[in-house]
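Asker: Encoded as C-alpha cells, here's the structure I'll be asking about.
Numbering (this note's numbering), first residue to last: 6 to 784.
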C-alpha cells in the first residue's frame with residue numbers, strides 16, 4: 006500500500022511539475038477570414054545566460070492553425086514569418102508577439118497586399134517614325150479595360166523597359182532597339198518619365214550626357230507617314246544596342262536598368278525631389294562577367310526583389326552557331342563587391358512547342374542577323390527563326406523564379422513589312438516562352454521538369470513542349486476559332502517576353518500575341534498553382550495601322566496600384582539588458598507619448614497602449630499619411646532613460662530604430678509601397694538603473710559635425726569587423742572592412758553625402774556598436 010501511495014505521489018508531483026513548467030501556445034493565421042497555410046512561426050525564450058534562444062518552430066496547417074506543445078512556461082516571443090510582397094499585417098495582431106506561456110488565441114490576421122483596382126502600363130509599337138494611330142505608351146484598367154494615353158510615339162519613340170515609382174508617382178520608360186520603329190527624341194540612351202497624376206510624359210535623362218554609350222541610331226528610310234519602311238541596316242542591332250529591362254527597388258531609391266550596348270547593369274540613385282537633376286555620382290555601373298568561347302553573354306532582364314538585384318542573360322551561341330551552347334543565366338548582384346555572381350543556369354536546348362503548328366521549328370536557335378534563315382518554304386509570306394533573349398524575371402509567392410523568354414526575331418521582323426533587301430515582304434511569327442524554377446530541398450533553384458515544379462504539377466505533363474517532356478504554363482498558345490465551338494492550335498508558343506507577378510492573386514501575367522483574337526497583341530494571366538490561363542486583355546487588334554501582329558508588338562509591363570492607406574507604428578519597449586533587441590522577457594512600456602513630424606512640423610500625436618504598441622494613421626493624422634514622404638516619430642528625452650543601440654542585428658522586426666537627438670529621441674521612415682504594413686519604427690529605452698553603467702566598447706567619432714573624412718576609435722574592440730555609415734532610415738550608405746589595427750582607429754569618407762544626420766556602426770559578430778548621431782555639414 007505504501008509503495009502504491011508513493012508511486013501515486015510521484016506521478017502527481019510529475020503532473021504538477023508539468024503543469025507549472027510547460028506551457029502551450031496556440032493560435033490561428035488567417036487573411037481576410039480565410040486560413041493561411043505554411044506560415045512559419047518561431048518561439049524564443051531567454052536562457053540561463055540572459056540570451057534569447059529559439060525553443061520551437063512550427064507551421065500553420067491547412068486550417069491556419071498552429072500549436073507549440075512542448076515549450077517551457079514563462080515569457081516568450083512568438084515570431085511570424087510571411088511574404089511581405091503578398092501580405093500586410095493587421096495592426097491589432099503584429100507579427101512579433103510577446104506573451105506569457107501558456108497562452109492561446111495568439112492569432113495573426115493578415116490583409117492581402119493588393120490594390121482594389123490597378124492599371125497595367127505597357128507600350129504598343131507603331132511602324133515608322135512619329136505615327137500615332139494609337140497611343141504608344143498607355144495604361145489600361147484591368148477592371149473595365151479603359152485605356153489611358155500616356156505618350157505618343159513622337160514623345161518617346163520605341164520603348165521597352167518600364168518601372169513604376171509609387172512614392173514619386175512616376176512611370177519610367179527606356180529606349181529600345183526594334184527594326185521598323187524609330188527611337189524617341191533622346192535616341193538610343195533615352196529614359197522618359199511620366200507623371201501618373203497629370204498623365205504627362207517628359208524627356209528625363211539621356212545617358213550620353215553622362216558619358217554612357219548605348220550605340221548609334223542606324224535606322225534608315227524613315228518617313229513620318231511611312232509604315233512600310235525597309236530599315237535593312239537594323240537587323241544586327243536587336244539585343245545589342247540601346248537599353249533592355251528596367252526595375253525599381255522596393256524602397257524606391259534605385260532605378261535599375263541594363264545597357265545592351267556595353268552589357269552592363271546600371272543603377273540610378275533617385276531623389277525625393279522629382280525636379281532635381283541626376284548627377285554622374287548618382288549612377289553606378291556593374292559590368293557582366295566575361296563572354297564565353299562559344300558565344301557572347303547578352304544581358305537584358307533586371308528584377309529587384311527582397312532587397313536584391315537580379316539580372317537575366319543568355320549565351321547567344323553566335324560564335325559556335327551550335328544550339329547546344331544556348332544557355333539562360335540569372336545573376337545576383339553583390340553590392341559590396343560590385344560583382345554579379347551566377348545564381349541559375351538553364352540550358353535552352355530543350356524541345357519546345359512549334360511557332361506554327363506543323364512546321365518543325367520548335368527549338369531555340371543561335372543568334373543570327375541573316376534574315377534568309379527565317380524563310381519557310383511552305384509559307385512563302387511567313388518568317389520564323391526563334392532566338393532567345395531572357396527579357397524578364399518575376400518572383401512568385403513561394404519565391405519561384407518565373408522567366409520570360411523573348412524571341413529576338415520578333416523584333417527583327419514585322420507584320421507584312423519588307424525584308425532587309427526591300428524586295429519582298431513577310432510577316433514574322435514570334436515564339437517566346439515562359440519557364441519556372443523553384444527552390445528544391447538543397448535550397449538551390451531547379452528548373453521545371455515535365456510540367457512539374459518542386460511544389461506544383463500542371464496538365465502540360467507529356468505535351469513535348471517544355472523541359473524534360475512537358476511545360477508548366479501549357480496554355481501559352483493561340484487557338485484559332487473555327488465554326489461553332491471548335492478551335493485548333495495554330496501557334497504552340499505565343500509569349501513575347503514580359504512577365505509580371507500580381508500580389509495576392511497567385512497569378513503571373515505574360516505578354517503574348519493573340520491572347521484571344523487573330524493577329525492581335527495583349528496579355529494573358531496564368532495561375533501559379535496549376536499553370537492554367539485565368540484571364541486576358543487585348544491591347545491592339547488586327548488591322549490597326551502600323552501594329553506588329555505576331556511579331557512582338559508589345560513591350561514590358563508595369564503594374565500601377567491605387568493608393569493604399571498608410572500606417573506607421575510599432576512598439577516602445579524596456580530594453581532591460583541594453584542589447585538593442587526586443588528579448589522575450591522585455592515588456593512594452595505603457596502610456597508613452599509620441600508625436601509624428603513631417604517637413605519640420607508636428608502633424609499628429611498618440612500614446613502607447615498597455616503592450617507598448619502605437620500607430621499613426623487617418624485617425625490621428627489629419628488627411629492621413631502619404632507615400633513618398635519622410636516622417637519622424639519622436640519621444641521626449643528623460644533623465645530616467647537612454648536610447649538603445651541603433652539597428653542591431655539583421656531582424657528588423659525586433660531591433661531599435663530610434664536615435665538620440667539633443668532634446669528628444671526619434672525614429673525616421675520614408676514611406677513607399679512596402680511601408681503600408683505599418684511596422685518598422687521601434688523604440689528601445691534603457692531604464693534608469695542601466696544609465697549609470699559605463700558603455701561597453703564605445704565608439705568615439707571626430708570631428709562632429711563633419712565635412713569630409715571622419716575618424717573613428719574604439720579602444721576595447723579587439724576583433725575585426727565592418728564600419729558602416731547608416732542613414733536614419735537604416736540604409737547602409739558606405740562601408741569598409743576593418744583590419745585588426747593595434748591603434749583601434751579608422752577613418753571613413755563622408756564628403757559624398759548630402760548635409761544631414763547619420764550614424765556610424767561597427768558590426769562585429771557578438772558586440773555590434775553604434776555611434777551617437779553625426780551631423781554632416783558643407784564647407
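Note that beta-carbon positions come from the ideal geometry of N, C-alpha and C, so glycine has one too.
So the alpha helix (DSSP H) residue 416 belongs to, where does it begin and stop?
Answerer: In the chain shown, residue 416 corresponds to position 411, counting from 1. Note, residue 416: alpha helix (DSSP H), 414-417.
Asker: Looking at the structure shown, is residue 290 part of a helix, part of a strand, or coil, going by DSSP?
Answerer: Translated into the one-based positions of the chain shown, residue 290 becomes position 285. Reduced to three states, the DSSP call for residue 290 is strand.
Asker: Let me check you understand the geometry: is the CB of residue 243 closer than 7 Å to at least one non-hydrogen atom of the ligand ZN?
Answerer: Judged by which ligands are present, the structure shown has none, so any question about the ligand ZN falls away.
Asker: Determine the burial state of residue 470: buried for a count of at least 16 other Cβ atoms within 10 Å of its Cβ, exposed for fewer.
Answerer: In the chain shown, the residue the question calls residue 470 occupies position 465. Classification for residue 470: buried.
Asker: Rounded to whole angstroms, what's the CA-CA distance from residue 500 to residue 306? Just pull it up for me.
Answerer: Position 495 of the chain shown holds residue 500. Position 301 of the chain shown holds residue 306. Between residue 500 and residue 306, the C-alpha separation is close to 15 Å.
Asker: Measuring CB atoms only, is the stretch 432-447 touching the stretch 345-362, in the sense that at least three cross pairs come out at less than 8 Å?
Answerer: Taking 8 Å as the limit for Cβ pairs, the verdict is that the stretch 345-362 does touch the stretch 432-447.
Asker: For residue 491, count the other beta carbons within 10 Å of its own beta carbon; 16 or more makes it buried, fewer makes it exposed. Which is it?
Answerer: Walking along the chain shown from the start, residue 491 turns up at place 486. It is exposed - the Cβ of residue 491 has fewer than 16 other Cβ atoms within 10 Å.
Asker: What are the boundary residues of the alpha helix (DSSP H) that includes residue 159?
Answerer: The residue given as residue 159 occupies position 154 in the chain shown. 158-161 is the extent of the alpha helix (DSSP H) around residue 159.
Asker: Do residue 419 and residue 241 come within 8 Å of each other at the CB atom, strictly closer than that value?
Answerer: By 1-based counting over the chain shown, the position of residue 241 is 236. By 1-based counting over the chain shown, the position of residue 419 is 414. No, Cβ-Cβ distance for residue 241 and residue 419 is not below 8 Å.
Asker: Out of 207, 186, 580, which one is the CA nearest neighbour of residue 222?
Answerer: Indexing the chain shown from 1 puts residue 222 at position 217. Nearest option by C-alpha distance: 186.
Asker: Helix, strand or coil for residue 392? Go by DSSP, reduced to three states.
Answerer: On the chain shown, position 387 is the one that residue 392 refers to. Looking at residue 392 - three-state DSSP - the assignment turns out to be coil, as it is neither helix nor strand.
Asker: Using alpha carbons as the reference points, say which of 117, 709, 779, 576 lies closest to residue 689.
Answerer: Within the chain shown, the letter at position 684 stands for residue 689. The shortest C-alpha separation from residue 689 is found at 576.
Asker: Among all the DSSP beta bridges, which residues are the ones paired with residue 578?
Answerer: If you number the chain shown from 1, residue 578 lands on position 573. DSSP lists 593, 689 as partners of residue 578.
Asker: DSSP state of residue 779, grouped into three classes?
Answerer: Position 774 of the chain shown, counted from the start, is the residue given in the question as residue 779. Looking at residue 779 - three-state DSSP - the assignment turns out to be strand.
Asker: With a 10 Å radius around its C-beta and 16 neighbouring C-beta atoms as the bar for buried, classify residue 697 as buried or exposed.
Answerer: Your numbering for residue 697 matches position 692 in the chain shown. Confidence at residue 697 is low in this model, with a pLDDT of 49, below 50, so its placement is unreliable and no value can be given for it.
Asker: Is it buried or exposed for residue 604, if we count other Cβ within 10 angstroms and need 16 for buried?
Answerer: By one-based count along the chain shown, residue 604 stands at place 599. Residue 604 should be labelled exposed.
Asker: Hey, is the stretch 30-38 in contact with the stretch 69-86, meaning 3+ C-beta pairs nearer than 8 Å?
Answerer: Taking 8 Å as the limit for Cβ pairs, the verdict is that the stretch 69-86 does touch the stretch 30-38.
Asker: Under 8 Å: do the stretch 202-211 and the stretch 149-158 share three or more Cβ pairs, one atom per stretch?
Answerer: Verdict: yes, contact present.
Asker: Give a yes or no on whether the C-beta atoms belonging to residue 450 and residue 349 are separated by under 8 Å.
Answerer: Position 445 of the chain shown, counted from the first residue, corresponds to residue 450. Position 344 of the chain shown, counted from the first residue, corresponds to residue 349. A contact, by the Cβ cut-off of 8 Å.
Asker: Judging by CA-CA distance, which residue of 57, 656, 52 is the nearest neighbour of residue 86?
Answerer: In the chain shown, the residue the question calls residue 86 occupies position 81. Nearest C-alpha to residue 86: 656.
Asker: Residue 663 by DSSP, collapsed to three states: which one?
Answerer: Start at 1 with the first residue of the chain shown, and residue 663 comes out as number 658. Coil.
Asker: Under 8 Å by Cβ, that's how I've got residue 124 and residue 565 pegged, so tell me the actual separation to the nearest angstrom.
Answerer: Position 119 of the chain shown holds residue 124. Position 560 of the chain shown holds residue 565. That belief holds up - the Cβ atoms of residue 124 and residue 565 are roughly 4 Å apart, short of 8 Å.
Asker: What separation, rounded to the nearest whole angstrom, lies between the Cα atoms of residue 143 and residue 179?
Answerer: Numbered from 1 along the chain shown, position 138 holds the residue referred to as residue 143. Numbered from 1 along the chain shown, position 174 holds the residue referred to as residue 179. The alpha-carbon atoms of residue 143 and residue 179 are separated by roughly 14 Å.
Asker: So does the stretch 157-177 actually touch the stretch 269-285, counting three or more Cβ pairs closer than 8 Å?
Answerer: Contact holds: three or more Cβ-Cβ distances are below 8 Å.
Asker: Among 51, 94, 70, which one has its Cα closest to the Cα of residue 685?
Answerer: Along the chain shown, one-based indexing puts residue 685 at 680. Here the closest residue by C-alpha is 94.
Asker: Could you check which residue in 750, 362, 177 has the C-alpha nearest to that of residue 562?
Answerer: One-based indexing of the chain shown puts residue 562 at position 557. Taking only the C-alpha atoms, the option nearest residue 562 is 177.
Asker: Determine the extent of the beta strand (DSSP E) in which residue 317 is found, giving its start and end residues.
Answerer: Numbered from 1 along the chain shown, position 312 holds the residue referred to as residue 317. Note, residue 317: beta strand (DSSP E), 313-320.
Asker: Could you please give the first and the last residue of the uninterrupted beta strand (DSSP E) stretch that includes residue 742?
Answerer: Within the chain shown, residue 742 is the residue found at index 737, counting from 1. Taken as a continuous stretch (DSSP letters only), the beta strand (DSSP E) holding residue 742 covers 737-742.
Asker: Give me the Cα-Cα distance between residue 24 and residue 590, rounded to the nearest whole angstrom.
Answerer: Taking the first residue of the chain shown as position 1, residue 24 is located at position 19. Taking the first residue of the chain shown as position 1, residue 590 is located at position 585. Here the model assigns residue 24 a pLDDT of 40, short of 50, so the residue's position is not dependable and the matter cannot be decided.
Asker: Using the Cα positions of residue 148 and residue 199, report the straight-line distance between them to the nearest angstrom.
Answerer: Counting from 1 along the chain shown, the entry for residue 148 is found at position 143. Counting from 1 along the chain shown, the entry for residue 199 is found at position 194. Distance between the alpha carbons of residue 148 and residue 199 is about 22 Å.
Asker: Distance, Cα to Cα, residue 600 vs residue 98?
Answerer: Sequence index remark: in the chain shown, residue 600 carries index 595 (1-based). Sequence index remark: in the chain shown, residue 98 carries index 93 (1-based). Those two C-alpha atoms are separated by around 22 Å.
Asker: Among the candidates 303, 621, 226, whose CA atom is the shortest distance from the CA of residue 631?
Answerer: Start at 1 with the first residue of the chain shown, and residue 631 comes out as number 626. The residue with the shortest Cα to Cα distance from residue 631 is 621.
Asker: Sort 560, 237, 256, 226 by Cα distance to residue 165 and report the nearest one.
Answerer: Along the chain shown, one-based indexing puts residue 165 at 160. Considering only alpha carbons, the answer is 560.
Asker: Starting from the Cα of residue 592, find the closest Cα among 184, 618, 609, 109 and give me that residue.
Answerer: Within the chain shown, the letter at position 587 stands for residue 592. The candidate whose alpha carbon is nearest that of residue 592 is 618.
Asker: Identify, in the order they occur along the chain, each residue of the same chain with its Cβ nearer than 6 Å to the Cβ of residue 250, setting aside the five sequence neighbours on each side.
Answerer: Here residue 250 is taken as the residue at index 245 of the chain shown, counted from 1. Contacts found: 166, 263, 305, 306, 307.
Asker: Using 8 Å as the cut-off, can you tell me whether the stretch 395-411 makes contact with the stretch 209-218, which would need three or more C-beta pairs spanning the two stretches below that distance?
Answerer: In short, these stretches do not touch, since the Cβ pair count stays below three.
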